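For the sequence shown, the numbering used here begins at 1 and goes up steadily by one.
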Amino acid sequence: MTTCKDCVAKLFGACHEEYCEMEQVGLREEAQRRAVARGHALLPFSRVDQRPLWHAQCERCGLEVFFTLDPDPNQLAIFGALLDADCTANGAEDPD
């Protein structure tokens, strides 16, 4: 399993997901809040390839949102196309 670049948990041995659970919860809740504000209904988050990266998809339109505990320089911790678009499948009419 890979660890975050500046993770202090590696000093205790192997990286375990529970070491960073509080950070995960905060980022997950913020991503969920931002998704709902745009009319999306997220499916559960899942971890991507044993990296400190999680993603979820809108069950209605399919757009995705990601969060990472280890963003690269100039990368946001929460990102994805879902954050920039209202859900087109939530019953609202398309303005075009």
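No residue lacks a Cβ here, since even glycine has one placed at the ideal position from N, Cα and C. Computed from a prediction, not measured in an experiment: that's the story for all the values here.
About 5 Å separates the beta carbons of leucine 69 and glutamate 23, which is inside the 8 Å limit, making them a contact pair.
Contiguous beta strand (DSSP E) elements confined to the stretch 45 to 79 occur at 53 to 57, 64 to 68, taking only those with 3 or more residues. Between leucine 82 and alanine 35, the CB-CB gap stays under 8 Å. For arginine 33, the enclosing alpha helix (DSSP H) has its first and last residue at 21 to 37. Excluding residues up to 5 positions away in sequence, Cys58, Glu59, Arg60 lie with their Cβ nearer than 7 Å to the Cβ of alanine 41 in the same chain. Contact check for proline 71 against alanine 56 fails: the beta carbons are separated by 8 Å or more. The alpha-carbon of aspartate 86 is positioned some 5 Å away from that of arginine 38. Within the same chain, Leu27, Arg28, Ala31, Trp54, Ala77, Ile78 come within 7 Å of phenylalanine 67 by CB-CB distance, once the 5 residues on both sides are set aside.
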